[in-house]
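1 is the number of the first residue of the sequence shown in my numbering; add one for each residue after it. Every residue, glycine too, gets a C-beta built ideally from N, C-alpha and C.
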Amino acid sequence: MYTTELKERNQAVQGLSLEREDPERLAAFEARVAADDFIEPKDWMPEAYRKTLIRQISQHAHSESVGMLPEGNWITRAPNLRRKAILLAKVQDEGGHGLYLYAAAETLGITREEMIEALHSGRAKYSTIFNYPTLTWADIGAIGWLVDGAAIMNQVPLQRTSYGPYARAMVRICKEESFHQRQGYEIMMTLANGTDAQKRMAQDALDRWWWPSLMMFGPPDENSPNTAQSVRWRIKRETNDELRQKFVDVTVPQADALGLVVPDPKLKWNEERGHYDFGDIDWDEFYAVVRGEGPVAKERMTARVKAWEDGKWVRDAAAAHAEKRGMRIAAE
Ligand code: BYC
1 MYTTELKERN QAVQGLSLER EDPERLAAFE ARVAADDFIE PKDWMPEAYR
51 KTLIRQISQH AHSESVGMLP EGNWITRAPN LRRKAILLAK VQDEGGHGLY
101 LYAAAETLGI TREEMIEALH SGRAKYSTIF NYPTLTWADI GAIGWLVDGA
151 AIMNQVPLQR TSYGPYARAM VRICKEESFH QRQGYEIMMT LANGTDAQKR
201 MAQDALDRWW WPSLMMFGPP DENSPNTAQS VRWRIKRETN DELRQKFVDV
251 TVPQADALGL VVPDPKLKWN EERGHYDFGD IDWDEFYAVV RGEGPVAKER
301 MTARVKAWED GKWVRDAAAA HAEKRGMRIA AE
């Protein structure tokens with residue numbers, strides 16, 4: 001029901017908006033995209049392309065910023081100074097990613113305040129994955145390994161997305177994400193080779209994070225209202241299902257190497273396809289989390305809104321400083 005509604009709404013919006021475009025300009029734009037040219041902020045673009053990009057990039061930025069919370073909760077509880085320093089750096093990186101992405105979205109004619117307001121009022125989405133709680137230290141390992149691993153799988157192709165500022169932001173982000181994935185895997189390696197209790201903790205984290213990580217790639221292609229047009233415009237270079245399959249294929253041998261068991265009885269190497277077959281994803285759970293009913297959804301938004309309000313004095317001071325500086329320069 002929810003997917004049909006989404007699909008119909010999106011197709012109606014895109015179709016209507018494309019009909020209104022100048023056919024010659026539209027054809028020239030599509031030819032540039034087909035030739036793998038980057039579209040830049042001052043170039044002409046169809047309104048539906050601009051809107052799709054604002055939606056995807058701002059959701060991506062929100063995910064980075066909300067994504068700081070589950071890990072931020074563990075900074076004071078990291079088991080030693082080295083782990084604390086690494087985690088602190090990782091969480092700061094996520095803040096940086098959010099900034100590059102908000103800046104890329106701003107080039108499309110939306111303000112930072114509008115995007116933040118959409119997040120805080122619940123109109124804008126952010127990744128479902130950040131609505132699950134981080135219960136143990138092993139969750140920090142599992143997030144780095146699986147969540148950042150899924151993010152890399154999704155984001156490497158975005159380095160060649162058709163919108164220049166987004167593609168360039170992704171180049172930098174992907175470099176940092178690979179470090180994040182490795183630090184997560186290294187935590188899992190330590191735990192998996194540790195005491196029985198540590199190994200159990202690592203397995204428990206894998207059990208809880210596996211399926212939500214597969215959901216990060218979005219609904220199956222046949223229920224994804226945006227994929228077809230986004231692939232045509234080369235905003236998305238690969239579909240949700242293609243990326244999900246790649247992630248499973250890469251990650252299962254990593255779990256084997258750790259001596260951990262992926263919590264999917266249907267998981268099996270399929271010689272003929274050259275891929276792993278895997279079990280059914282609980283899409284009801286996915287849509288419930290998308291609708292804002294995730295286990296810690298309320299907590300996440302309360303924390304984000306509080307951080308925004310607590311930071312008001314910094315924004316006011318920066319604006320006052322910029323104004324004063326502007327007046328001084330004008331006077332000189
Ligand atoms: N969560 O037509 P579809 C990170 C929504 S940050 C929530 O397939 P699309 C990290 C979708 O928005 C990870 N909502 O959409 C950070 C759409 O609704 P609307 C974030 C989801 O856009 C810190 C509807 O469902 N990465 O990794 O073609 C620490 C139908 O979906 C989700 C990005 O954002 C979801 N999982 O494809 C560690 C990457 N999936 O908007 C790690 C960039 C779908 O029409 N984004 N929805 O109302 C993308 O690649 C695409 O936007 C998606 C979805 C693959 C996510």
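- Under the 8 Å Cβ criterion, the stretch 149-159 does not count as touching the stretch 188-207, having fewer than three qualifying pairs.
- One Cα belongs to ILE140, the other to TRP74, and the distance between them is close to 8 Å.
- Between GLU94 and SER65, the C-beta gap is smaller than 9 Å, which places the two residues in contact.
- With a cutoff of 8 Å, LEU158 counts as near the ligand BYC, since its C-beta is closer than that to a heavy atom of the ligand.
- The beta carbon of GLU30 sits no closer than 8 Å to any heavy atom of the ligand BYC.
- According to the DSSP secondary-structure assignment, ASP277 is paired through a beta bridge with LYS268.
- Note that the C-beta distance between ALA48 and LEU69 is not below 9 Å.
- Rounded to the nearest angstrom, the Cβ distance from TYR276 to VAL248 is 5 Å, consistent with a contact under 8 Å.
- In this structure, ARG304 sits near HIS120, with a CB-CB distance shorter than 9 Å.
- Counting the other CB atoms within 10 Å of its CB gives GLN56 a total of 16 or more, which places it among the buried residues.
- Taking 9 Å as the cut-off, the beta carbon of ALA104 is found closer than this to the beta carbon of PRO165.
- VAL314 counts as exposed, since fewer than 16 other C-beta atoms from the protein chains shown sit within 10 angstroms of its C-beta.
- Approximately 6 Å separates the beta-carbon atoms of LEU53 and ILE235; this is inside 8 Å, confirming the contact.
- With a cutoff of 8 Å, ASP284 does not count as near the ligand BYC, since its C-beta is closer than that to no heavy atom of the ligand.
- If you draw a 10 Å sphere on the C-beta of ASP36, you find fewer than 16 other C-beta atoms in it, and that means exposed.
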